[in-house]
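Following our numbering, the numbering of the sequence shown begins with 7 at its first residue and continues without gaps. All C-beta atoms in this analysis are idealised placements derived from N, C-alpha and C, irrespective of residue type, glycine included. Predicted model only: the values in this text are computed from it and were never measured.
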Amino acid sequence: MRFAELQLLAYGHFTDRRLELAPGHTDLHLIHGANEAGKSTARNAVAHFLFGFPLRAERAAFIHNYRDLRIGARLDTGDETIEAVRKKGNKNTVLDSAGQADAEREASLARELAGVDDAFFTRMFSLDHAALRAGGRQLAAADTGADTALIAAGSGLADVAAARTALAAEADALWSPNRSKHRAYYQAADRLAAAEAEIREHAVTVGDWQRQRDALAAAQAHYDELTTRRADLQRQYREIERIRRVAPPVRRYRELSDELAELADTPVMAAEARETFDTARAAIHSAEAAEADINQRIAAIDEELAGLTDAPALRAQAETIDRLAGRRAQIAEDREREAELARANDALTADLEAERERLAAAGVIAPEHWPEPAAIDAVRRLAGQYGALAQRQTHAADDLARLAEEETATRREAERLGRSRDTAALAAWQAAATRNGDLELEAQRAHETAAAQDRDISRRLAELVPSVANVEALAAMRPPDRASVEAAERDLTTARQACQRHADHVAQLTDDVTRERDALARRRADTQLPDRQTLVALRAHRDAAWRLVQRRYIEGRGADLFDDEADLDPAARRDPVAAVARLTDEADTLADARFDAATAIAADAQSARHLAEREQALAQAHARLTASEQTQADHEAAWEHAWADAELVPGTPATMRAWLAERQQILDAHATRDDALSRAAALEQTTACEHAAGRAHLTALGVDETSLKDTSLAALVERARRVIAAEQRRDEAIERVTTSAGQQFSRRRQLVAAQQDAETKLARWRDDWRAAMARLALDPDLAVDTIDTPLDALAAGQAHAHGRAVNEREQADIRDRRRRFADALAGVINATGHAVNTEDTPEHTAASVADALDAARRAHQIRLTREADREADEKRAATQAKTRQQARARLDELAAQAATADLEALDQIITRADRRRAAEREQAEARQAIARQGDDKAVDTLIAAAEASDADTLAEQVDTLDTELADLETRIGTARDERNAAYAAFDAIGGDERAVIAAGARQTALADMTRAAERYLRSGLAALLLKWAGQRYALDKHATLLARSSTLIQRLTGGSVVHLAGEFDDNDELAIVGVRADGAHLPTTAMSEGTLDQLYLALRIAAIEDYLTRAAPLPVIADDLFINFDDERAMAGLDALAELSHQTQVLFFTHHAHLKDMATERLGDHVCIHEL
7 MRFAELQLLA YGHFTDRRLE LAPGHTDLHL IHGANEAGKS TARNAVAHFL FGFPLRAERA
67 AFIHNYRDLR IGARLDTGDE TIEAVRKKGN KNTVLDSAGQ ADAEREASLA RELAGVDDAF
127 FTRMFSLDHA ALRAGGRQLA AADTGADTAL IAAGSGLADV AAARTALAAE ADALWSPNRS
187 KHRAYYQAAD RLAAAEAEIR EHAVTVGDWQ RQRDALAAAQ AHYDELTTRR ADLQRQYREI
247 ERIRRVAPPV RRYRELSDEL AELADTPVMA AEARETFDTA RAAIHSAEAA EADINQRIAA
307 IDEELAGLTD APALRAQAET IDRLAGRRAQ IAEDREREAE LARANDALTA DLEAERERLA
367 AAGVIAPEHW PEPAAIDAVR RLAGQYGALA QRQTHAADDL ARLAEEETAT RREAERLGRS
427 RDTAALAAWQ AAATRNGDLE LEAQRAHETA AAQDRDISRR LAELVPSVAN VEALAAMRPP
487 DRASVEAAER DLTTARQACQ RHADHVAQLT DDVTRERDAL ARRRADTQLP DRQTLVALRA
547 HRDAAWRLVQ RRYIEGRGAD LFDDEADLDP AARRDPVAAV ARLTDEADTL ADARFDAATA
607 IAADAQSARH LAEREQALAQ AHARLTASEQ TQADHEAAWE HAWADAELVP GTPATMRAWL
667 AERQQILDAH ATRDDALSRA AALEQTTACE HAAGRAHLTA LGVDETSLKD TSLAALVERA
727 RRVIAAEQRR DEAIERVTTS AGQQFSRRRQ LVAAQQDAET KLARWRDDWR AAMARLALDP
787 DLAVDTIDTP LDALAAGQAH AHGRAVNERE QADIRDRRRR FADALAGVIN ATGHAVNTED
847 TPEHTAASVA DALDAARRAH QIRLTREADR EADEKRAATQ AKTRQQARAR LDELAAQAAT
907 ADLEALDQII TRADRRRAAE REQAEARQAI ARQGDDKAVD TLIAAAEASD ADTLAEQVDT
967 LDTELADLET RIGTARDERN AAYAAFDAIG GDERAVIAAG ARQTALADMT RAAERYLRSG
1027 LAALLLKWAG QRYALDKHAT LLARSSTLIQ RLTGGSVVHL AGEFDDNDEL AIVGVRADGA
1087 HLPTTAMSEG TLDQLYLALR IAAIEDYLTR AAPLPVIADD LFINFDDERA MAGLDALAEL
1147 SHQTQVLFFT HHAHLKDMAT ERLGDHVCIH EL
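Written out as structure tokens, the structure reads:
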């Protein structure tokens, strides 16, 4: 499955952004975006489309709401094309193009994913710089073996070793054979021992416990009786104190009740009656004073209006008068401007005469009408063009002459160089020989490698124990493989540990049995407990004596075969009746004694049973020890037999495992030696072939063959390089001459065309010159360099004539404006009848009329203002009258409530009503105070109690209760001490039931031990299973992944690491190492960060390729992997991804522009570039 198109319809900051991902020569797509261009957003969109949006997707909802998020895609699966849209939601999130949920498309997508979920896809097919660095650090860890490295790279789980270490640490914190206080199991065991000791210490007899318990109960009862009496006295004390507290508010309550009775006939007035009365009376006085003041102001305004005059005719002509006043300044300026224009016209007339005289001096007749400036400028322009056109014609002829000389020199140089020769074959041979490197040096190094391996093999054979004569004998041996040796070592180690563990267990059980047997004997000797067998024997003798009495005295028969008289002593046989009585008393006494000692007897029985169990466990331990010893012997015999075919006497498994590793290294060194010799022979043959081919190519190019026979291949390659360089320089010279000849031919055509163009333009200029001179009535044969003087005179004359015409037009305009101003002013004077001085100028008359208009306007404005003031005062007077009437109406309402028309009487009634209302409020507050100080008792009850009590005797009652309470406190203290002493005595024999608490602690400790053991088994087994899984994965994939990774690492490191190998480290763990070109081993702990990144990338690509051999392809997502790569290694990484893209689509995201440029330059159409 691959993405044919990714559609960011509404996602992140994208809206309707589409990426066409059509494949080219490969299916590698480099998607470039600057910072904040949305590179990470586009990368996340791939997984979000395939597997759905996560619950929280803030980056996706950058500008779009959650409900509007949409990602579309078109997928090519080989068999069909799936085009769908993914929205954010919990179900039915796959939509068709119309936005409707499409279950069929969702099922098709799930089928193509084949059970792959988001976590697996991210782990297997996604790789970014952070994951690359984490994988590199994991490879560099000191405890990372080949199994951990391969499973981490193959599954994408970079924290496999950390998980295994965490599980092992968790198991070690729970239990290990070495006892430690920090381990949970041993902590619980310590608590178990402490609880059992506590149980033994605090176990007491029933009788002592009961007596101390009764004494404690009696002391507690006495203490409780005294505290009850104290509570009764305290309750009486609180009641008397309550009466004392409520007495003052009760007295005040009664006083207010009497006062309210006196005010009962006072009418009920509103609470705001006083405020209403005072406000209304003040409003009436204020309104009457304001009305008098307003009437005085109205009279003054009427007097002022009578003295004002008006001029309505002037105000009617206001617009015209204002316009005339604004034009007065212009009329005055026009008077001065007219005189100035007359003087300017006289000067221009004199200048025109001067210009006519200058034309006559130049031999030109002055025209009757001066020409236009455009005609004069046309002649000037043509005069200026003449020099450039003539010069251009001259230059064109000079350029053609120089070009002819250059063409002659070029022809001579081409004849000297001759024709070029083909060096392609020699260049191909030189390139191939250069790529192959220094074959002679490599052959020499191969011989040196073989010699070094011979020395190493001799040294290793000398140090090998058990020793072997030579490599051939070592190779012919058939020893057991490493897995068998490790299995035998594990079996022997397990058997020895089992023997030691069983021996330790037998010794511990022997000590326990001896200790418990001695303890039981000492306890029985100290306690002398009644024996059960004695009781059984006494009862058997009693029953035998009774049967003898029954047979002899009741049944009256003699002895028979079934009688048991033999069990009786002679005295009992003589007097069986006395024997029955004696034996019955002895048996009852012994039974009573056993009943009294039942607890001790039960403990003794439990100890005996525990001893029997330990003895049985000891026997079982001995049997297990014997079986373990036999198993160990069997494994040792099997170990000896495993080496029978190799005809060696084996050492310990660890020694022989090292021997096997050393043997393998010797055999590997021998194989390396043989490979080096073969490579040296092949290199020498290749060198001879290359030398012959190079001589043939050089001879074909004219090089003397005798000078080439005794040279080395490197010297021959250098000679070829110099020959190729010389031929290249000759070819470049020939190309330059050819190019120059072509350029000269093109220039000749251009220069001929330029000469013809210059001649054509000069002829056209002469025609234009004659026409322009005719328009000025000038002789066309006048020299061009003398034409400036007539043209200057004509231009000056035309300017003077034009200036005089402009001045005359302006004089006419001034005279028209003065006439129209005088006419308008006369119309205003006639309309208004304003008196004027006939000797004044029109502008002075307009000023006097404007002043009269201003005076009329001011008088009119004053009249309008005073009339408005009079109208406002009349409104204020009406308002004050209304206010006075409203205040009088409020007073009338209060008088009606009080049933009086006299204002003084109304004032007194309102005062009494306010006092009645205040008394009622204070009486309610007194009731609240009584309730608050009376502990929320009923108020009437408190009032009755306070009135019924004698206030004089309350203090005496309080003193009496204080005395009784003080005496009672002393007695309670004594009772408390007695109770505490009884409690201490009860606690001293375990009265706090510590034995029961200890028993609970014992059960808790046992449960903790069980949980610790279960957790240890779970964590330990998980760590072991994880290790076994890594080893199994390494066994299955070791050869495949390392072979492919070796090819990739050589390319990614530019040959710095030629291949990967596995070797055992100091902990006897198989680790991955890099091998240099000289055979030196490079462990991962010695690799640089960049090389570690490249190693992890090689393993990941190999793992993905291995996965694709057995599963359908999914796109690989790579994000800025090459941060720690230099340019060459980065390009090698892109090459590796391009190769991977032949199997599945690869989407490479980056924000580095130089990577895009290098990929375009180096890979060309093998990579598809996309810009975000």
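Residues bridged to residue i [DSSP beta-bridge criterion]
i     : result
S132  : I1123
L1088 : G1080
E5    : Summary: the structure shown does not reach residue 5, with the chain confined to residues 7 through 1178, and so no result is reported for it.
E89   : R80
L1068 : First, the residue type needs correcting, since residue 1068 is Gly and not Leu in the sequence shown. According to DSSP, which records beta bridges pairwise, G1068 is partnered with I1078.
F1190 : Nothing can be reported for residue 1190, as the shown portion of the chain is limited to 7 through 1178.
E11   : E26, R80
Option in the options with minimal Cα separation from residue i
i     : options                    : result
A1138 : V1122, S1062, P1121        : S1062
R922  : T838, A277, A324, A802     : A277
Q323  : T1090, Q934, R863, A901    : R863
R824  : V100, T326, N442, A338     : A338
R1135 : D829, R620, L1161          : L1161
L347  : E816, P659, A699, S1147    : E816
V854  : V519, H697, V834           : The residue asked about is misnamed: residue 854 is Ser in this sequence, not Val. That would be V834, whose Cα lies nearest to the Cα of S854.
V477  : R679, H840, R496           : R679
V542  : L596, Q503, Q514, A489     : L596
A1004 : E26, R197, L34             : R197
E26   : H19, Q13, L34              : Q13
T540  : Q506, A599, A577           : A599
I740  : A1067, M662, E419          : E419
T315  : A858, R417, A201, L526     : A858
A623  : A63, Q514, R329, A944      : Q514
G84   : A972, D102, F1131, L1120   : L1120
E1095 : L1127, D1084, E1069, A1077 : L1127
Y191  : A125, L689, M1015          : M1015
L743  : P379, T416, Y229           : A small fix is needed here, since residue 743 is Val in this sequence, not Leu. With distances taken between Cα atoms, V743 lies closest to T416.
A1159 : H1176, H1172, L1146        : H1176
A760  : R80, V555, Q397, L222      : Q397
D773  : D763, P786, L782           : P786
Cβ separation of residue i and residue j, assumed to be a contact under 8 Å, to the nearest whole Å
i    : j     : result
I77  : L115  : Their Cβ separation, rounded to whole angstroms, is 12 Å, which puts I77 and L115 out of contact at 8 Å.
L269 : A932  : With a Cβ gap of about 16 Å, L269 and A932 do not count as contacting.
R343 : I820  : 6 Å
I4   : L1054 : Absent from the model: residue 4. The displayed extent of the chain is 7 to 1178, so no value can be given.
A904 : L897  : Going by Cβ atoms, the distance from A904 to L897 rounds to 11 Å, so no, they are not a contact pair.
L36  : A1165 : 5 Å
E448 : L689  : 5 Å
Let me know the beta strand (DSSP E) ranges lying completely inside the stretch 206 to 272, each 3 residues or longer, listed in chain order.
Runs of the beta strand (DSSP E) inside the stretch 206 to 272: none found.
Just list the alpha helix (DSSP H) runs in the stretch 285 to 349, keeping only unbroken ones of 4 residues or longer that don't cross its boundaries, in chain order.
Unbroken alpha helix (DSSP H) stretches of 4 residues or longer found wholly inside the stretch 285 to 349: 318 to 322, 324 to 332, given in chain order.
Is there contact between the stretch 242 to 262 and the stretch 1010 to 1019, where contact requires at least three CB pairs shorter than 8 Å?
Result no; under three Cβ-Cβ pairs closer than 8 Å.
I want to know whether the stretch 1147 to 1154 touches the stretch 7 to 14 - three or more CB-CB distances under 8 Å.
Two segments are said to touch when three or more pairs of C-beta atoms, one from each, lie closer than 8 Å; by this definition the stretch 1147 to 1154 touches the stretch 7 to 14.
Any chance you could list the alpha helix (DSSP H) runs of at least 4 consecutive residues sitting entirely within the stretch 337 to 409, in chain order?
Counting whole runs of 4 or more residues, the stretch 337 to 409 contains no alpha helix (DSSP H) stretch at all.
Would you be able to state if there are at least three C-beta pairs under 8 Å between the stretch 791 to 800 and the stretch 278 to 291?
Flag = no, the stretch 278 to 291 and the stretch 791 to 800 do not touch.
Entirely enclosed alpha helix (DSSP H) segments - the stretch 578 to 652, minimum 4 residues
Runs of the alpha helix (DSSP H) inside the stretch 578 to 652: 582 to 602, 604 to 648.
Would you call the stretch 683 to 703 and the stretch 461 to 471 touching, i.e. three or more CB-CB distances under 8 Å?
Too few Cβ pairs lie closer than 8 Å, so no.
When the Cβ atoms of the stretch 577 to 591 are set against those of the stretch 543 to 553, are three or more pairs found closer than 8 Å?
Yes, the stretch 577 to 591 touches the stretch 543 to 553.
List in chain order: all unbroken alpha helix (DSSP H) runs of 4+ residues lying wholly within the stretch 930 to 991.
The qualifying runs are 945 to 954.
Does the structure place the stretch 613 to 621 close enough to the stretch 464 to 483 that three or more beta carbon pairs sit under 8 Å?
Touching, no, given that fewer than three Cβ pairs across the two stretches are closer than 8 Å.
Taking contact to mean at least 3 C-beta pairs separated by less than 8 Å, is the stretch 385 to 396 in contact with the stretch 755 to 771?
Judged by Cβ distances under 8 Å, the stretch 385 to 396 makes contact with the stretch 755 to 771, as three or more pairs qualify.
Does the stretch 976 to 986 come into contact with the stretch 221 to 240, if we say contact requires no fewer than three beta-carbon pairs (one atom in each stretch) closer than 8 Å?
Yes, since at least three Cβ pairs between the stretch 976 to 986 and the stretch 221 to 240 fall closer than 8 Å, the two stretches touch.
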